[in-house]
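Structure, as structure tokens:
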Amino acid sequence: ATPKDQLVVAMNMSSMRGLDPNELNQLEAAEIVANLYERLIALPADDITKPMPGLAESWTVSPDGKTFTFKIRSGVSFHSGNPLTAKDVEWSLRRLVKLGLAPSVDLRQWGFTDKNVDSLIKASDDTTVVLETPEVWNPNLIFYSLASFSTSILDSKLLAEKEKNGDMGREFLQTADAGSGPYSLRTWRVNDLLIADAFKDYWARTPKMRRVILRHIPESSGQRLQLEAGDVDIATRLSSTDLAAVQSGGKADIQKTPGFGFYYLALNQKDEILANPKVREAFRYLIDYDGLANTVMKYYGIKQETIVPAGLPGASDAAPYKLDIDKAKQLLAEAGYPDGFSKVYYATPVTPEYEVAQSLQANAAKAGIKLDLQGGDHIGKFRNREFEIFSARTGERLPDPHAVLASYATNPNNADDAKLSGLIAWRTAWDVPKDIQDMVTAAAHETDQEKRDDLYAKVNQAYLKASPALITSFQRTDAKAVRKDIKGYVGHSTWLTRWDTVSKGQ
Amino acid sequence: MPDLFQPILSVKNMSVQFPTLSGAVTAVKDISFDVGREKVGIIGESGSGKSTTGRAIMRLQPANARVVAEEMRFEEVDLLGASEADMRAIRGRRISMILQDPKYSLNPVMTVGEQIAETVILHERIGRRQARQRTLAMLERVHIRDPERVFNLYPHEVSGGMGQRIMISMMLISSPSLIIADEPTSALDVTVRQHVLSILDDLIAERDIGLIFISHDLNLVKSFCDRVIIMYAGRIVETLEACRLNHATHPYTRGLLEALPSLDHPKDRLQVLRREASWAEA
Amino acid sequence: MATRYFNDLHNWLINEDFSSMRQARLHKAYVLWLSLIANPLAFAGFVVVAALIAIAVLAPLLANHDPILQDLTMALRPPSALHWFGTDEFGRDVYSRLVYGARTTLYISILVTVIVAPIGFAIGATAGYLGGWVDVVLMRITDIFLSFPSLVLALAFSAALGPGIENAVIAIALTVWPPIARLARAETLTFRSADFVVAAELQGAGVGRILFRHIVPLCAPSIIIRLTLNMSSVILTAAGLGFLGLGAQPPMPEWGAMAASGRQYLLDAWWLTTVPGVAILLVSLAFNLLGDGLRDIMDPRNA
Amino acid sequence: MTMISVSNLAVSFDSGDARKHVVKDVSFAVEPGETFGLVGESGCGKSTVLGALAGRLKNWSGTIGVDGEAISRKRSPQQLAKQQMVFQDPFGSLHPRHTIGRTLLEPLEIHGLGQRQERVEAVLRDVGLPASFRHRFPHQLSGGQRQRVAIARALILRPRILLLDEPTSALDVSIQAEILNLLKDLREREKLTYILVSHDMAVIAHLCNRVAVMQDGVFVEIATREQLLKGQVAHAYTRTLLDGSRGYVPTRARN
Amino acid sequence: MTIVQTTGTGPSRGTAALAALQKVATSFGVILTTLLGLLVITFVVGRMVPADPVIAVIGDQADHETYERVYKQMGLDQPVYVQFATYLGNVAHLDFGQSHVTKNPVASDLARVFPATLELATLATIIGASLGIPLGIISAVRKGTWVDHVARIVGLLGHSTPIFWLGTIVILVFYAKFGLIPGSGRLDVYNEGLVEGPTNSILVDAMLAGEWEVFRDALLHVAAPALILGYAAMAYLSRMSRSFMLEQLRQEYVLTAKAKGLGQRAIVWRHALRNIRVQLLTIVALAYCGLLDGTVLIETVFAWPGLGQYLTSALFFADMNAVLGSVLLIGIISIAINLLSDLTYRFLDPRTR
Ligand SMILES: Nc1ncnc2c1ncn2[C@@H]1O[C@H](COP(=O)(O)OP(=O)(O)OP(=O)(O)O)[C@@H](O)[C@H]1O
Ligand SMILES: Nc1ncnc2c1ncn2[C@@H]1O[C@H](COP(=O)(O)OP(=O)(O)OP(=O)(O)O)[C@@H](O)[C@H]1O
Ligand SMILES: [Mg+2]
Ligand SMILES: [Mg+2]
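Residue numbers (my numbering), protein chains in the order written: chain A, 122 to 627; chain B, 9 to 290; chain C, 3 to 305; chain D, 2 to 256; chain E, 372 to 724.
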């Protein structure tokens, strides 16, 4: 059994890439950073769309919607003992933009660049930070971004000491922490173990768990057995059968945290056959939504055929498609391919993506489409539009339809050399209908929440009708098994699960 | 020598069979002979069963071989009925065996001294020190000049002739009463052979023991042994005094003699042995 | 009557007084066969390998379901009268996949042998026969491949070559040839100065003739035996690669990939990994026993 | 005209510090149809001389002439075919997995000669083996039969010279007699020139016209057959060898 | 009559030392070329692997600008040979670069993961050798009897069982069902962080620190994976020892020993074993090298943070520095082990002295 005052979590850490909040880009690392650091704004796990005060006690938005003024909480100190001031906030946010690494999109997408950030983000005194946006955006989008792990506030004084060759402390931060969160990093051995100790001077509350231990257990069966034996409290990467077994075993609860991303199928529109809308539609009838939902996808996803993630404004539960081979055949015949065709199909050989792909392969075969399924790492080819059919999943972190739609439904320039490879619509070479793109852009700038909700509902319908080249089937969920005596461990849709709220009861 | 006629070994109707894929092969068939304190040569062509006979006496035939005999007696011991433990006490102490090629018949990773001393330690239960003394003395006895040095050599570091002398000392150190030498000099040069044989000859005379000398060299057996047994196809076709070999009567023996080129009686053409089926049956 | 006929045949085969080349060959095979029967473990291995071949050939007759037909409603069912070895995560019949998988397994084994034996032999024998700098260069290359972590080499190459069973086989072959080359070299060294090779040289035979007409027949048994003994690790490596998406591609049934992908269901659907696992175990055990037996039988030094 | 002329032949193995001079300075000439013997104890360099003559060894110096032709280190197929070698060990000199027929066909293939089956049958007849032996493998033959096959293989290219390296020392006396007779017959019939290595003086005296006694890489004496038979040898070492081949001389008796 | 007593006096001590030195010098050259070849191949293969190291760092969804920026930062815009030359230059200064995945210097990563694998492989080799060699010898001595058959089948099963399957079954039975062994990893959470020693091998460190509780815990953790690996190694070792022993028992000197009156036991364990110890040493060394890189699967099943896992994940994320560093390490180790066994060989076998 685990010690009473310690939380032991089983994880698969093999894809973790350092602990620098401005560099990492991955779920497990994000959860750790969420607890080592704090951000201006907090999004409660149970009401994810509602910005709450974090390090910022309060804030105001100027009437033109472009200037945000944050009042920084005083009396907060970093793990190093340095007091946290507005200067640290200014330095941290600028650092994110200037380093320009993967998570910098969180600010860059609103128009911040390494050129303008020094003038747009400023600490006016020790407790006030002023942030200006180059354009008017819906303020929630900005607040959500400031709640992301990437906008964590770093200890600028400490990092100044640790700086090497002007790296803004990057090397140091990979394996150390410079935060003010409820836990401080004690030991980290990559692909082995991470130990975090409770931070005594944490301002909000005293964490009940004196220590949190994350163990790298790559095998699902290993995690499950340890969980059932009580040697770990939480298992985070279980296969669906193991989840089912744990659930029926009664020692732990299964927590399904919905995420804002989809399992998708991408049909390259540079391919003549796949560019045919009827062929695209035919593929929708080849996905065994219900069969998968009850088996492979039971814990990994929620059936969602539309494009706005469930739980967000404009979402709909319309499900007009279901597995229908005959219908698919008919569509193919109408498109001029009664005898089908064959295509190369790339998918990553990981659960459940590969199972979903194999299911599609089997159904397609019945409709006469021969899919040559190739496992392996093909993301590079997908990004360069060098594929025929590809499937994977995304994980957007903003609790707002904009994040998903910007990637799935905008493609301002469909030319090869535009290199908008951040957008999966561009990668698919899909010339998204203009009205959809316009509505998505308008909604992001719209400050009136009702109009916005309306716009998203329309986009949702238009997307469905467009017979998209990016077909969504399941909305991603992340399932964890939590032993019954663990209270307060609540999965967070934007990867910010907290440990300081956890307690162990009998 | 009165006890020359008192046999130390007597074998009656011994046969040895090997099972093979195409039925059992009888390598030795119903042979009988006695050995006293004398030098008995066994000659015969390759495959006639000489080595098999020698090994059967020591009960060292391959595991799959089947040995049957009416009687096999060595001094007071019944070799047929002796247990494996009895045999171990006999081998090396009372009957010894010298093999053809010292290059292969010595353990390559043990010093020669160690290998000789092992025999006395095993049979006489004496200490290492004492065994070493005995070994050195024995080495000296076989005309090895610097026994102290040779004691610590490995087999690959000694010449063929020396190797065979080491083999002799190893097999004679426990004073056995019968020695079986299976072609002890065939791997040696003529010059060395003479020396090795004379050492063996001396030791045998000195200790008054019996020797079974297996060879296919007629000239050698004739000049070295007292009696000769001639084998053909697993049978003994003839037994005679060595000095009378030239007057052998059996056509096989005669054939062998005629086939030999000779310095003293040069012939233009050699006689070729014409085998007769009856030889193998008689 | 029949026994009489068999006796005659036996006598004709066992007789060493040949009247034709064909009889000589048949005799050789027959003697091998007799020694095989006489060695119970090797014979057991032979029977299993023969069964594997038979199953592979007769797969369509033996299978009672379509091996690639999915039925998600029937996923992960335990063994029953309908599905003898249960069903997998897609509701496919494990028994039928096992039967068809024999083909893949056999295919891999044969392909690896076909690639590795000639390459390993050519490199090893050339190095051993020619000696000198050729030997140094070739053996250095062999050493480099030998000191590579073998699974990593296979992984890297099959990742580089792209997924697919043939590519996986090539990648595996890359890890298998160095020991074969070493073996071929060692064997060649023992034969290089044999009198019959010298005799051929003195008659003017060239390097190629000596290597392929004289050395090959002598090295072949030990190389084949070594490959037979390697077969289990070849199958297991192919399995590992299959699990990583680099070996056999779905929906092709392959034992290794079946065992590996069933691994995540091991605790609840034991049959998924256990059935192909036991099949792999049996076949590699059989290959091993057969290889050991062949070595005992064919190598005169082991007589 | 001499068939073989060798002067100042020296052979060494291994280069550098480990260099070993095995044959130091050897000269002799052999007439056509003559049989020239070589005796000496193990390791004195007899086989090495033959190896250099046959073209098996390359690291020799001095001059070798065969059939009036000076031989260089690299030989043409014709030059190779002119002399063939028979080895000591009949068990090691035939390829264990080749049938006799294949062994005999091989030289014909190498030299691109025709009428192969006929030649094989003829040469088998020459060495006194039935034609049906073509289908056998070496392990199915006795030592003497194998040695006959080895001789047949050497003869099939119709060489002028046979180099015989202890051709009978692994054989029983009865078989040795057959082979020695065969060699004698062939020499007469085919007008062959032999160089015969043996350690048995009786064999040498039986077959050779002259013999070179070798010790430690040099010839200590070249004696004729008559000298051997009469015991008129000059060198003590030659005498030792002669005595040795008569059998065991008890030292006790001598003392 | 004089008989020349020829004995191999061998070269004098001085020349022997010189020859040994020469030998060392050539082997050093050989090692360097082998390692260089190893690096070249690894580099080339690494370049061929389709996984994109940049994407591995920035994630799938990053945009093109970020991609370009990181691409340059990682030095991938330079020609391959320049990258390789730079790498070689760094290696010459004992700098193995930084891992993209772990963000640590590769050298410090290796210093952490390698001892874990070493610990496992060493124990497994000890287990495999101490069971496999006697088993092989016994089955050689009893060739063809049921003892031989059983011993061979037991050994071969170890060679033919999928390791991941066996590993999971062992965990299931001995951990989950009977609770006899600890689950996975190297230590229980209670004992984490109690010893942070100089060698990174917990067993050794705990022993040095005198933390016997930790030592016991670590030993319990390593037991199951080491036994499973040891079983696999045992199969190989017992088969090889069997055939070596059979070979020896056919030798003429065995007959001599029997003729002296030695019993079977003395012949096998005193005479024959001494003749095969060099070969045994070689195969134990080979098995050890094999285990060092063959631990991938068992490390995954038992969540053992060792080199096998490190290397595979590096490979999958195209983390070239980590891959090169690990391959180099394994290469050096396997060359070193072979060299060592070569040297011992010289020492143990009088014929090669
Ligand atoms: N282990 C065995 N299995 C089968 N047959 C055997 C075995 N050992 C010997 N033989 C056969 O027994 C016969 C006699 O062999 P043996 O070795 O006694 O002959 P030998 O007279 O010593 O011959 P050589 O002079 O060649 O040493 C031969 O025909 C041989 O083939
Ligand atoms: N390839 C070789 N490399 C090094 N040394 C060699 C080689 N071949 C022969 N020798 C050495 O040359 C010497 C003469 O060898 P050779 O074979 O000519 O002797 P031989 O007179 O034929 O002896 P034997 O009667 O034993 O056949 C021996 O000391 C041998 O060790
Ligand atoms: Mg014999
Ligand atoms: Mg010679």
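The beta-carbon is built from N, C-alpha and C at its ideal position, and this holds for glycine as well.
I'd like to confirm something about residue i: is its beta-carbon nearer than 8 Å to some heavy atom of ligand 1, or not?
i, result
"S199 (chain D)", "no"
In this structure, how does DSSP classify residue i when only helix, strand and coil are distinguished?
i, result
"L17 (chain B)", "strand"
"F41 (chain B)", "strand"
"S240 (chain A)", "helix"
"K192 (chain D)", "coil"
"L565 (chain E)", "coil"
"V277 (chain C)", "helix"
Could you check the C-alpha separation between residue i and residue j for me, to the nearest Å?
i, j, result
"L314 (chain A)", "G556 (chain E)", "9 Å"
"L278 (chain B)", "D173 (chain D)", "14 Å"
"I274 (chain A)", "F381 (chain A)", "24 Å"
"S514 (chain A)", "V400 (chain A)", "Note on residue identity: the sequence assigns Arg, not Ser, to residue 514 (chain A). Roughly 22 Å separates the two Cα atoms."
"G351 (chain A)", "R648 (chain E)", "48 Å"
"D537 (chain A)", "E393 (chain A)", "16 Å"
"G417 (chain E)", "Q266 (chain C)", "29 Å"
"Q376 (chain A)", "A685 (chain E)", "31 Å"
"T377 (chain E)", "V236 (chain C)", "Here the model assigns T377 (chain E) a pLDDT of 36, short of 50, so the residue's position is not dependable, and the following value carries that caveat. Their Cα atoms are separated by approximately 52 Å."
Cβ of residue i versus every heavy atom of ligand 4: is any distance shorter than 8 Å?
i, result
"K47 (chain D)", "yes"
"D197 (chain B)", "no"
"D166 (chain D)", "yes"
"Q89 (chain D)", "yes"
For ligand 2, is there a heavy atom less than 8 Å away from the beta-carbon of residue i?
i, result
"S167 (chain B)", "no"
"M611 (chain E)", "no"
"F14 (chain D)", "yes"
"G52 (chain D)", "yes"
"E1 (chain D)", "Because chain D in this structure spans residues 2 to 256, residue 1 (chain D) falls outside the shown range and cannot be described."
"M170 (chain B)", "no"
Could you spell out the range, first to last residue, of the alpha helix (DSSP H) harbouring residue i?
i, result
"Q117 (chain D)", "A quick correction: the sequence has Arg, not Gln, at residue 117 (chain D). Counting along the chain, the alpha helix (DSSP H) containing R117 (chain D) begins and ends at R117 to D127."
"T192 (chain C)", "I167 to R194"
"R79 (chain C)", "Per DSSP, R79 (chain C) belongs to no alpha helix (DSSP H) and is neither H nor E."
"P260 (chain A)", "P260 to S266"
Beta strand (DSSP E) containing residue i: first to last residue?
i, result
"A213 (chain D)", "R211 to Q216"
"S463 (chain A)", "S463 to A468"
"Q449 (chain E)", "Premise fails: Q449 (chain E) is in no beta strand (DSSP E) and is neither H nor E."
*For ligand 1, which residues count as neighbours when the test is a C-beta closer than 5 Å to any heavy atom?*
B:F26, B:A35, B:S54, B:G55, B:S56, B:G57, B:K58, B:S59, B:T60 and B:P70
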